[in-house]
Structure formats: C-alpha cells, structure tokens
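Student: This structure is in structure tokens; I'll ask about it shortly.
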Amino acid sequence: MTVVLPQRSEPAPRRQVFVATAIAGAGISMMMAGMLAMWMKFRAAAPVRESSDGFYLIKDWLPEAIKIPEVAANTMFVTFFVACFMAQWAVYSARRDDARHRSMALGITAGVGVAIVNAQIAVWGQMGIGVRDGAYQSMFYAITGTMLVLVAVGIAFSAAAFFRSVGGRSDDVQVVSAHALYWYVLAGVNTALWFLVYVQK
Amino acid sequence: MTTIDTHASAPAGSARFGLAAAVANWVTSSDHKKIGRLMVGEALVAAVAAAVLGVLIGLERMGDGYSIFDGDAAPQLLALFRYLLVFGTLAPLALGIAVAVVPMQVGSRAISFPRLAQFGFWAWDLGSVMVIISIIGNGGPGGGNSDLVDMYLLGVALAAAGLAAAAVSVATTVLTSRAPGMGADDVPAFSWGSLVGSVTAVLTLPVTIGTVVYLYVDHTYARLAFGGNKAVADHLHFALTQPATFVFAAIAVAVLADIAPVTAGARQPLRAAVFAGVGLVSAGALGAVTQSQHVLSTDGSTGDTVSSALPYLIFNGLPVLGALVVLGASLFVLKVGKPKVSASFAFAFLGTGMVFVGMLGGMLQNIEAAGLAGTVFEEGATTYVVYGTVMVAVGALLHWAPKLWGVTVPQGKTLPLVGLVLLGTVLSSFPNYIVGFADQPADAADGGLFMYAPNSGTVGLWNGLTAVGHALVALSVLAVAGAIVSALRSGQRAGDDPWDGHTLEWAIPSPAPHDNFSALATVSSPEPVLDAKPKSEVPA
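Residue numbers (my numbering), protein chains in the order written: chain G, 1 to 201; chain C, 1001 to 1540.
Okay, here's the thing in structure tokens:
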C-alpha cells in the first residue's frame, strides 16, 4: 500500500552542528565534573598531618614540597576567556559576512589555544613533579592532561573553522557559532578545574 | 498532496562486485540502517556470549567440590560477564535499534552525522574486542598482565566513547532532522525514548571515561591512588549495574510504547503519560553520574533515614514508576483498541515486564536493612534488565523487520520463542534473588575462587537453575536469529505497511531505501500515516 502524505520542500536546516556541539559539550562537562568529583573525594579522604612548622593540621594530599605556579596557572585561566572573546568576535563577523575579520578571529582563537597548551606545559615544568611520584601527582596529570586533550580538540576545531573561512565558506555562521560554544564550554569547565585544583589545591 | 512512493531501489552493485565489495560496502557504509543492524547483530552475538559465560559461572557456583576455571580467572570472568551484559549487549542493542529506526520515524533522509554514528560503532566494536582480548590474556580487573590491564582500560574507554558518539548522532537527529510540521510533541514514542536515552547516555558515559582516565594513569604510572589492578572493578562497578543500566532501558521501554498502539490498532490516549514515563526511567542516569547506587538506611535517626530516602527514591523509585506507567498505558491502549496477536508486542511487553522486575530488584537491593549489598542479588537485577531489554529488542526487530530487511518474520515461528526466552530470563535471574538472600557473594574471593553460602546444597541447586536459564536465553536468541535468516531466505517480501502502522517509517517502501524518503512529508499529528489513510480504515 502506498500511503499518501502532504509534501513540503526541504525543511530549513536546524543547526545540526550547533546542537551536536551542545550535546557533546554537555558530555564533556559531565566527564570533567566526574573527574573533579573524584579529585575532591580523594582529597577529602587524605589523612591529616602536621604542617612543617607544627602549627597546623593539614590534609596529607598536596605534598609539602610541591608549589603550584600561580602566575602560570592564573594566566592560563584568563587565556581561556581570551579564546572565548576571540571566538565570539568570529561569530560577530560571520553574522555580518565579514570574511576577513572572521578568518582573523578564528586564526587568533587557534593561536590562543596554542598559548593555553604552552601555559599548561609551563605549569607542569615549573611544578617539577613526575606522574609516578604519588597519588596526587598521578591524579593531577590525569585531570590536567584530559583538559589539555580537550583544548587540543578546540584548536583543531578552530583550525578547521579557520580554513573553511579562508576557503570562502561565507555561510558558515552555524559552524562558527558551534566553535564559540565549544570554547565557552571549555572556559566553564576550566574555571571549575582552576578553582578546585589550582586554588583550593 | 503528493504520494510518497519511493520504490526506487537502493543503489545496486554489491552483488556485481562480489563478496569483497559487499564487505567494503558494509564496513564503510554511512547508511544508518546498516550501522544500526551491525550494532544490533554484534550486540546479539555478545548476548549469546554473555549467556554462555553465565552458564559456566552458574555451573561453577553449583558446588565447591570441583572447579571449571583456574582460580585466578574467576574475577576476570565475572568482569567479562558484566562487561558483555551491559557494554556488550544492553547499550549497543538499545542504541543500535535507535540508530536504525529513528531517522525513518522522524521523517529524515539520513541520521545526523552518519560518519559519527559509523565511528561510534567501530570504536565500540574495537573497544569491546580489546576488552575481550585483554581478559583472555590475563588482563582485566585483577589481571596479572599489567600491559593487558592497561589495554582493558583503553578498551572500556574506547567502547564508551563509541557509544556516546552514536548517542550524539541519534539525539541530534531527533532534535534537528524531524519532518516539516513535526513538533517535539508529535515525535513518535520510540524516537522520544531514543532522545531521552541518548541524551542521558551522553551525560553518563563520559563520567565512565573520566574514571577510566584516572585508573589508566594510576595503573600505568603510580598505582598509589586507586590501588592498582585489584581496584579496577570496584571503581568501574557503578557503570555496570543499576541504576546506570536504566539509561539504556529507557530506550527499550519506549519500544513497547511504540508497538502497543499499532498492536491495538488505536491511537495512544495516554501519550503524555507515556512520554513522562519514559522520561522517568532515565532518572536512573543520576546514579551513573554520581557514581553511586544510593542506599536507603534506617539505622540512624529519623532525619538520617529521610535524608537517605530522598535520593534513594529518586534514583531507584522513579525509574520503577516510569516503567509502570508505560506498562499500564500499553495495557490501556489495548483495552480501547482492537488488539491483534503480535509476537513483537508479546516480546516487547514481557521484556519490559522483566526490566520492571529488575528495577524492583534494584530498589530492594539498595535497602540497607535487606543486607543484599555485595551478594548475587545485584547480578540477578542486572540480568533481568539486560535480558528484558534483549526481549524488547527482539520485539523491535520483528516489528521493524519489514523496513530493515524487507521481510515479515512468521509469527508461528517466533511466538513460541516468547515463552522460551521468558523462562530463560526468569531462570537466569530470579534464583540470584533467592541466593542473594542466602548471602551468596557476587564477587570472587581473594584467592580467586568463588565463595559459597553456608547451605551450599540448596544454593547449588539455584545456581544450577541460573545456568539453565542462561542456556535458554542463548538458545532463544539463536532461534530468533534463525527465524529472521529463514524469512530472508524464503524470499517472501513484506508489504510497505504490514502492521497498519501509525508513524512515518510505514510510509516508505519495505525494505527502506538508502535515503529513506524520496520527498519529505509534512506532518501535523503524532500519527501522520494513520491520518493519511482513508477514514474508513482509521480507528478511533
């Protein structure tokens, strides 16, 4: 039997890339939230010890010899928002079909992403810890390494959007918007990570 | 008005180029129906493998006078059994059917991001192969081969990432690729369940991946935070048990919600309640994201009891309520309609019933006073949920066989199997509920040998029954697969709308062509195909 149904021309595209990025972003947020929850759980379960000067009882979580390089960590924290700003500039330009500014903003976003990678490596280098040195160290590398992988994906996203822009895809507002959303997700996730891992330690 | 007549066949050619071309076509295909069928096919193979392992484990637990396995293998076999049940069978079965059917139901020519769905299948497949190889080679939780333990962890992460990728595809399809005029409240019940299940899967599977990242780094480099290979199973336990399993059960429950009105030949009058019920089942996802089962404790003060009761009821009670609502609504639509004998409905209804019993078990297991923690009671609940979902999936395959393969499987061959698989599911699960109360532990002892309850005589009998139940499930799945193959070989083609369907997939030819629809339909109700039929044929 052939069923007869009313027909319409092609439906308007419903922002597939943007929606998929939003769903994936929610998944990324849950992954990092889960990892941060485990971080807090292990930190809370750490035994208590006396501080080196004997005046305080502190959780034996962060080894006393380890110093968090706050300048590099805070710079990295701020840089995420710079990336968001640039990504939003790309959206602004894409909506106005301003190809030159759109491409420049996307390129700068990718560059800022590379700067974040550099900052993370600087943090690792200045801390001078090895992944095998202890429980804190292995968990620190696991969570910051995962964040770095997410940043690498963001750089790839920026690069792909950049080359599409340079290649003349003037109707790419959706992809550029999805790209900005991804960087917003990363900035949000990194804010939680920065506070729990670098500030609260 | 335009006739949707897309009898133009799918691109021919695979037969011309022989077997290699056909294999290449399947391996590289971005056709959602092929990707879905691959997932479902491999998930059913995993179901049979899990059932065979269940037989062996049941026999092993029968008595302490003999042992089938080397003592050290016990924890790994249990780990493989649990992986195959949840990540090997439950999740890909539910998602595979969603990948295959949802785009047709919502009136889309293709699944959103077909290459992502394809990647999802292959990532899950490769991850599962890595898990199986690592466990066979003495890896896995508690395994002695350190490299293969790492491989096990990578395999679990890859499989979870693959399932999440497929779920993103399904969810995006429902959200963005619906036919013109199809509002969110017009989405078919199965597509709604697929959306709910997929979104919750995307929210929960990454939590498992994050845990695996910690475990991998710790196991590979330090072994100080998580306790090395011995603790792998403990830290991943939350992902392989209730209520995390309910994430995928939500998709299974929605199959019943879709099949019931077609069987009744009537519109579902309680559609909103069905949608709410499916949504409630997914509340189990909260258990997966919090990596916890949430126990009802009555030992402390009244305030303590109340504070434990609230999360307990949300995590464990809401899914039970949701499944109950869908079961009730399905019976109600049968009452208002004129039901036909349908093997697909029988499988889906009884399967959802089994899932419901598993959910009830999950509730009981998490009452602290019942003393069931760490016993095989939990395994019983998991097998109820997983084998119940297998039953529902069989119902779904029989229902949508015309679109997936272009055939209808004769009911005479499949209806008798309903009883067999039901008996198998009950026998493989319910004895574990009983021996759970007899304190039979779920896990292997420190030395690697299974531990037995004090009265091993009676307990041994119940364990033997679980072995029989698993064997029946394995045989049933093989018999259903045989019935489908037999129908395919018979060459008898199905009509385009053999069940008098209500939703858009029944407006396209059987089997569904590569691009599903030659022209996009405009819909204005949840049952567009029913609306388009002559008034005399349309039930009230």
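Even for Gly, the Cβ is constructed at its ideal location relative to N, Cα and C.
Given the structure is predicted, the values throughout are model-derived calculations rather than measurements.
Can you give the beta carbon distance from residue 1504/C to residue 1107/C, rounded, assuming they're within the 8 Å contact cut?
Tutor: Going by Cβ atoms, the distance from residue 1504/C to residue 1107/C rounds to 5 Å, so yes, they are a contact pair.
Student: Quick one: Cα of residue 135/G to Cα of residue 1435/C, how far?
Tutor: About 39 Å.
Student: Output yes if chain G places a C-beta closer than 7 Å to the C-beta of residue 1224/C; else output no.
Tutor: Closer than 7 Å to some Cβ of chain G, the Cβ of residue 1224/C qualifies, so yes.
Student: Rounded to whole angstroms, what's the CA-CA distance from residue 169/G to residue 1030/C? Just pull it up for me.
Tutor: One C-alpha to the other measures close to 25 Å.
Student: Under 6 Å Cβ to Cβ from residue 191/G, same chain only, skipping five residues before and after it: list those, please.
Tutor: Nothing listed; no residue qualifies.
Student: Count the C-beta pairs between the region 49-62 of chain G and the region 108-127 of chain G that are closer than 8 Å, then say yes if the count reaches three, no if not.
Tutor: Not touching, per the Cβ criterion.
Student: Can you tell which of 60/G, 128/G and 25/G has the C-alpha that lies nearest to the C-alpha of residue 153/G?
Tutor: If we check each option's Cα against that of residue 153/G, 25/G comes out closest.
Student: In this structure, how does DSSP classify residue 1058/C when only helix, strand and coil are distinguished?
Tutor: Three-state result, residue 1058/C: helix.
Student: Could you tell me the boundaries of the alpha helix (DSSP H) in which residue 1379/C lies?
Tutor: Segment 1377-1404, the alpha helix (DSSP H) holding residue 1379/C.
Student: Can you check the region 1241-1280 of chain C for any alpha helix (DSSP H) of at least 4 residues that lies completely inside it and give the ranges in chain order?
Tutor: Qualifying alpha helix (DSSP H) stretches, in chain order: 1246-1264.
Student: Taking only three categories from DSSP, how would you classify residue 1467/C?
Tutor: Helix, per DSSP.
Student: Run through DSSP, which three-state label would residue 49/G get?
Tutor: Correct three-state label for residue 49/G: strand.
Student: Return helix, strand or coil for residue 1163/C, following the three-state DSSP convention.
Tutor: Note: residue 1163/C maps to helix in three-state DSSP.
Student: Exposed or buried, what is residue 1061/C when buried is set at 16 or more other beta-carbons lying within 10 Å of its beta-carbon?
Tutor: It is buried - the Cβ of residue 1061/C has at least 16 other Cβ atoms within 10 Å.
Student: With H, G and I counted as helix, E and B as strand and the rest as coil, what does DSSP make of residue 1348/C?
Tutor: Helix, per DSSP.
Student: The beta strand (DSSP E) that contains residue 59/G, what's its start and end?
Tutor: Run containing residue 59/G: 57-59, per the beta strand (DSSP E) assignment.
Student: Does any CB atom of chain G fall closer than 7 Å to the CB of residue 1206/C?
Tutor: With 7 Å as the cut-off, residue 1206/C counts as an interface residue toward chain G.
Student: What's the gap between the Cα of residue 1441/C and the Cα of residue 1371/C?
Tutor: So the alpha carbons of these two residues sit roughly 11 Å apart.
Student: Between the C-alpha atoms of residue 1008/C and residue 1513/C, what's the straight-line distance to the nearest angstrom?
Tutor: Low confidence applies here, because residue 1008/C scores a pLDDT of 43, under 50, leaving its location unreliable; read the following figure in that light. The alpha-carbon atoms of residue 1008/C and residue 1513/C are separated by roughly 7 Å.
Student: Among 1193/C, 1223/C and 1125/C, which one has its Cα closest to the Cα of residue 1146/C?
Tutor: Among 1193/C, 1223/C and 1125/C, the Cα nearest to that of residue 1146/C belongs to 1223/C.
Student: Looking at residue 1104/C and residue 1516/C, is the spacing between their C-beta atoms short of 7 Å?
Tutor: The answer is yes: Cβ separation under 7 Å.
Student: Does the separation of the CB atoms of residue 1396/C and residue 1255/C fall below 7 Å?
Tutor: In this structure, residue 1255/C lies closer than 7 Å to residue 1396/C by Cβ.
Student: Quick one, are the C-beta atoms of residue 1086/C and residue 1156/C less than 7 Å apart?
Tutor: No.
Student: Which residue wins for smallest C-alpha separation from residue 1053/C, given the options 1357/C, 1124/C, 1398/C and 1383/C?
Tutor: Measuring from the Cα of residue 1053/C, the nearest candidate turns out to be 1383/C.
Student: If I measure Cβ to Cβ from residue 1114/C and keep anything under 8 Å in the same chain, skipping five residues before and after, which residues do I get?
Tutor: Excluding positions up to five away in sequence, the list reads 1030, 1031, 1032, 1035 and 1169.
Student: Would residue 1329/C and residue 1280/C qualify as a contact pair, given that the criterion is a beta-carbon distance under 7 Å?
Tutor: No. Outside cutoff.
Student: Just to confirm before moving on: does the CB-CB distance between residue 5/G and residue 1507/C stay below 7 Å?
Tutor: Their beta carbons are under 7 Å apart, which means residue 5/G touches residue 1507/C by this criterion.
Student: Can you tell me whether residue 69/G is helix, strand or coil according to DSSP?
Tutor: Here residue 69/G sits in coil by DSSP.
Student: Would you call residue 1235/C buried or exposed, if buried means 16 or more other Cβ atoms sit within 10 Å of its Cβ?
Tutor: So residue 1235/C counts as buried.
Student: So, with DSSP's three-state summary, where would you put residue 1521/C?
Tutor: Residue 1521/C: strand per DSSP, three-state reduction.
Student: Do the region 1131-1147 of chain C and the region 1188-1195 of chain C meet, that is, are 3 or more Cβ pairs less than 8 Å apart?
Tutor: These segments do not touch.
Student: With burial defined as no fewer than 16 other Cβ atoms inside 10 Å of the residue's Cβ, what is the status of residue 1021/C: buried or exposed?
Tutor: Result: exposed.
Student: For the region 20-31 of chain G, which residues have a beta carbon sitting closer than 8 Å to at least one beta carbon of chain C?
Tutor: Answer in chain order: 20, 23, 24, 26, 27, 28, 30 and 31.
Student: How would you call residue 79/G, buried or exposed, if buried means at least 16 neighbouring beta carbons within 10 angstroms?
Tutor: Buried, because 16 or more other Cβ atoms sit within 10 Å of the Cβ of residue 79/G.
Student: Which runs of the alpha helix (DSSP H) at least 4 residues long sit entirely within the region 1182-1218 of chain C? Give them in chain order.
Tutor: With a minimum length of 4 residues, the continuous alpha helix (DSSP H) runs that stay inside the region 1182-1218 of chain C are 1189-1217.
Student: So, using beta-carbon positions, are residue 157/G and residue 106/G closer together than 7 Å?
Tutor: No, they are not a contact pair.
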